[in-house]
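Asks:
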Amino acid sequence: MAKDQKKQPRPKAETPKGFRDYFGADVTERKAMLDRIAEVYHRHGFDPLETSAVETVEALGKFLPDVDRPNAGVFAWQEEAVPGGGSGDWLALRYDLTAPLARVAAQFRNDLPTPYRRYAMGPVWRNEKPGPGRFRQFYQCDADTVGAASVAADAEICGMLGDALEAVGIARGDYLVRINNRKVLNGVLEAAEVRPDQAEDVLRQIDKFDKVGRDGVLALLTTGRRDDSGAQIDGVGLSEAQAAPVLAFLTSKGAGNAETLANLRAAIGSSAIGAEGVDELAEIAALLAAAGVAEDRAVIDPSVVRGLGYYTGPVFEAELTFEILDEKGRKRQFGSVAGGGRYDGLVERFTGQKVPATGVSIGVDRLLAALRAKGLAGAEAAGPVVVTVMDRDRMADYQTMAAELRAAGIRAEVYLGNPKNFGNQLKYADKRSAPVAVIQGGDEAARGVVQVKDLILGAKIAAEASVEEWKAQPAQTEVARADLVAEVRRILG
Numbered sequence: 001m002a003k004d005q006k007k008q009p010r011p012k013a014e015t016p017k018g019f020r021d022y023f024g025a026d027v028t029e030r031k032a033m034l035d036r037i038a039e040v041y042h043r044h045g046f047d048p049l050e051t052s053a054v055e056t057v058e059a060l061g062k063f064l065p066d067v068d069r070p071n072a073g074v075f076a077w078q079e080e081a082v083p084g085g086g087s088g089d090w091l092a093l094r095y096d097l098t099a100p101l102a103r104v105a106a107q108f109r110n111d112l113p114t115p116y117r118r119y120a121m122g123p124v125w126r127n128e129k130p131g132p133g134r135f136r137q138f139y140q141c142d143a144d145t146v147g148a149a150s151v152a153a154d155a156e157i158c159g160m161l162g163d164a165l166e167a168v169g170i171a172r173g174d175y176l177v178r179i180n181n182r183k184v185l186n187g188v189l190e191a192a193e194v195r196p197d198q199a200e201d202v203l204r205q206i207d208k209f210d211k212v213g214r215d216g217v218l219a220l221l222t223t224g225r226r227d228d229s230g231a232q233i234d235g236v237g238l239s240e241a242q243a244a245p246v247l248a249f250l251t252s253k254g255a256g257n258a259e260t261l262a263n264l265r266a267a268i269g270s271s272a273i274g275a276e277g278v279d280e281l282a283e284i285a286a287l288l289a290a291a292g293v294a295e296d297r298a299v300i301d302p303s304v305v306r307g308l309g310y311y312t313g314p315v316f317e318a319e320l321t322f323e324i325l326d327e328k329g330r331k332r333q334f335g336s337v338a339g340g341g342r343y344d345g346l347v348e349r350f351t352g353q354k355v356p357a358t359g360v361s362i363g364v365d366r367l368l369a370a371l372r373a374k375g376l377a378g379a380e381a382a383g384p385v386v387v388t389v390m391d392r393d394r395m396a397d398y399q400t401m402a403a404e405l406r407a408a409g410i411r412a413e414v415y416l417g418n419p420k421n422f423g424n425q426l427k428y429a430d431k432r433s434a435p436v437a438v439i440q441g442g443d444e445a446a447r448g449v450v451q452v453k454d455l456i457l458g459a460k461i462a463a464e465a466s467v468e469e470w471k472a473q474p475a476q477t478e479v480a481r482a483d484l485v486a487e488v489r490r491i492l493g
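In UniProt numbering, the protein residues as written are 1 to 493.
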């Protein structure tokens, strides 16, 4: 090697910041959960859709976090403009699953049925600052109806969301789908005589209702307040009379849907758009009741304010109501795992025509964390039966055993490492969480038998049994070679 030729440093074996790898249990648990949700969506008549991971930045449009900087918030690059090759367009990894739906609905509008009902599950990418529990790649699970103006579509989504949660193991009483309507809030803003330039600030402040309560929001809407650190936060500048309809809206939750709807009608005053929103909520409540969805599963709740700046009609979120222990050992409610609502402009950007749409997105990682917190996921999954190798010249015999087990529907593999040290084979089986090891040396082969070792029982005996019980080896059984599958099936139970 030339003296002036420097040796290249070895690359670091690490994931990029904000990304992670998913191993066996993470992948299989997530797949099992999504498969159950997909069954519910399929049963409701929704079709699956898989879109490209890459979209044009132009197609992402208003869904971008910063439209003035096309590579901000997303992983974007400009395709090289070469003859017969790239067009010079800006391309980006998809930011969510909604923007691709907008493009599909417009691109294939002459081929798709109207309304178009689809569900989509897959990874999305966001070029944002990572943090604890905040990654740049994560999974989303969406269901949307495009082209249905009736709030019957919103009611169906809400009922279907409850069905999906129950399908993955969340019991009734442990979740609640809460429903509100942006039109009601518009009516409240009208009744409060909020100026257009103040509307966004008002939305931002009422979003803090859960954190600061009624008096805190009143202060933020009027003259301002000091936060816990002592810093002064400016208020919106409304009078207390103007703030009154907003507070009436936020505190209008009644003992049941009927009382809540009556309180909302009082909060909106004479606003026509507000009355339209209350009427839509009343229709949703009636449709859910007709579908057998009781108020302990889905309920009208004006405190749902997140996303009201984006949605144009009904909004909803699924909240898990059971308690867990946080990192400091304190009890807290698990909280929201899904959200959605009705939105305009989905396809209009492409076609110039308004197309109504409504949908919901489930936070996949968050819902999986909830299942683990409830003990419904996270248990160590059983690995494959391991057929050990006592004689490398008889590899074909061992492969035959594994094939017979697989043909019987039993997960199995042959040990393919160095078979010289048998102890290492059992260590391998332990690391694979194998429930059973199959052993056949030359002596067993000559006698037409095989040793079947129950590794789960063996571990229990090693931890609890006396020396005499351990020496008796009740976890290892000799059976006729022809009975191998039956014995393994018996152990697996």
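Heads up, the beta-carbon is just placed ideally off N, CA and C, and yes, glycines get one too.
Keep in mind it's a predicted model, so treat the numbers as computed, not measured.
1) Does the Cβ of Gly313 have 16 or more other Cβ atoms within 10 Å, making it buried, or fewer, making it exposed?
2) Runs of 3 residues minimum, wholly inside the region 181-227: which ones carry the beta strand (DSSP E) assignment?
3) Which of the three DSSP states, helix, strand or coil, is assigned to Gln107?
4) Could you pull out every residue in the same chain whose Cβ sits closer than 7 angstroms to the Cβ of Arg432, ignoring the five residues on either side in sequence?
5) Hey, Ile439 and Thr388: beta-carbon distance below 8 angstroms or not?
6) Between Ala412 and the rest of its own chain, which residues show a CB-CB distance below 7 angstroms, the 5 nearest in sequence each way excluded?
7) Between Arg394 and Ala445, is the Cβ-Cβ spacing less than 8 angstroms?
8) If we call anything under 8 angstroms between Cβ atoms a contact, is Ala105 one with Val355?
9) My output table needs one value for Glu295: the three-state DSSP class, helix, strand or coil.
10) By a C-beta neighbour count over all protein chains shown, 10 Å radius and 16 as the cutoff for buried, is Val27 buried or exposed?
11) Identify, in the order they occur along the chain, each residue of the same chain with its Cβ nearer than 6 angstroms to the Cβ of Tyr139, setting aside the five sequence neighbours on each side.
12) Just to confirm the assignment: which complete alpha helix (DSSP H) runs, minimum length 4, are found wholly within the region 228-273?
13) If Val188 sits next to Glu283, beta carbons under 8 angstroms apart, how far is it from one beta carbon to the other, in whole angstroms?
14) Rounding to the nearest angstrom, what Cα-Cα distance links Leu368 and Ile268 in this structure?
15) CA-CA distance, Gly307 and Gly274?
16) Check whether the Cβ atoms of Ile179 and Val360 sit closer than 8 angstroms, and answer yes or no.
17) I'd like to confirm the pairing. Which residues does DSSP put opposite Gly339 in its beta bridges?
18) Hey, quick one: how far does the beta strand (DSSP E) through Asp454 stretch, first residue to last?
19) Hey, how far is the Cα of Ser271 from the Cα of Arg126?
20) Output the distance between the C-alpha atoms of Met33 and Leu455, rounded to the nearest integer angstrom.
21) What does the alpha-carbon distance come out to for the pair Val236 and Glu317?
22) Does Gln353 come out as helix, strand or coil in the three-state DSSP assignment?
23) Give me the residue from Thr15, Ala373, Val315 with the minimum Cα distance to Val177.
24) Are the Cβ atoms of Ala241 and Leu218 separated by less than 8 angstroms?
25) So what's Ala32 in DSSP terms, helix, strand or just coil?
26) Could you check the C-alpha separation between Tyr175 and Val168 for me, to the nearest Å?
27) Would you decide whether Asp144 is buried or exposed? Buried here means 16 or more other CB atoms lie within 10 Å of its CB.
28) Could you give the DSSP three-state label for Gln476: helix, strand or coil?
29) Consult DSSP for Lys427 and reduce its assignment to one of helix, strand or coil.
30) Taking the DSSP output, what are the residues bridged to Asn127?
31) For Glu50, count neighbouring Cβ atoms within 10 angstroms of its own Cβ and tell me buried if that reaches 16, exposed if not.
32) Report the CB separation of Val436 from Val479 in whole angstroms; it is logged as a contact under 8 angstroms.
33) Just to confirm, are Val293 and Ala408 a CB contact at a threshold of 8 angstroms?
34) Is the beta carbon of Gly335 sitting closer than 8 angstroms to the one on Leu346?
Replies: Per the coordinate set shown:
1) By the neighbour-count definition (other C-beta atoms within 10 Å, threshold 16), Gly313 is a buried residue.
2) The region 181-227 contains these whole beta strand (DSSP E) runs: 224-226.
3) Note: Gln107 maps to helix in three-state DSSP.
4) Apart from sequence neighbours up to five positions away, the residues of its chain that approach Arg432 with a beta-carbon distance below 7 angstroms are Gly383, Pro384, Val386, ordered along the chain.
5) In this structure, Thr388 lies closer than 8 angstroms to Ile439 by Cβ.
6) Excluding residues within five positions, the ones whose Cβ falls inside 7 angstroms are Pro384, Val385, Val387, Ala402, Leu405, Arg406.
7) Taking 8 angstroms as the Cβ cut-off, Arg394 and Ala445 qualify as a contacting pair.
8) Yes, Cβ-Cβ distance for Ala105 and Val355 is below 8 angstroms.
9) Residue state for Glu295 is assigned as coil, using DSSP reduced to three classes.
10) Exposed.
11) Once the five neighbours on either side are set aside, the close Cβ partners of Tyr139 are Pro123, Val364.
12) Counting whole runs of 4 or more residues, the region 228-273 contains the alpha helix (DSSP H) stretches 240-250, 257-268.
13) Between Glu283 and Val188 the Cβ distance is about 19 angstroms, and since that is not below 8 angstroms, they are no contact.
14) Each residue's alpha carbon lies about 39 angstroms from the other.
15) So the alpha carbons of these two residues sit roughly 18 angstroms apart.
16) No, they are not a contact pair.
17) When beta bridges are read from the DSSP output, Gly339 appears opposite Glu317, Ser361.
18) Per DSSP, the unbroken beta strand (DSSP E) holding Asp454 starts and ends at 449-454.
19) Distance from the CA atom of Ser271 to the CA atom of Arg126, rounded to whole angstroms, is 39 angstroms.
20) Answer to the nearest angstrom: the Cα atoms are 28 angstroms apart.
21) Straight-line measurement puts the Cα of Glu317 at about 27 angstroms from the Cα of Val236.
22) Residue state, collapsed to three classes: coil.
23) Nearest Cα to Val177 within the set Thr15, Ala373, Val315: Val315.
24) The answer is no: Cβ separation not under 8 angstroms.
25) Judged by DSSP in its simplified three-state form, Ala32 adopts helix.
26) If I take the Cα positions, the gap works out to 12 angstroms.
27) Asp144 is buried by the Cβ-count criterion.
28) For Gln476, the three-state secondary structure derived from DSSP is strand.
29) The three-state reading of DSSP puts Lys427 in helix, counting H, G and I together.
30) In DSSP, Asn127 forms a bridge with Gly73.
31) By the neighbour-count definition (other C-beta atoms within 10 Å, threshold 16), Glu50 is an exposed residue.
32) A Cβ-Cβ separation of about 12 angstroms leaves Val436 out of contact with Val479 under the 8 angstroms criterion.
33) For Val293 and Ala408, no; Cβs fall outside 8 angstroms.
34) Contact flag unset, no.
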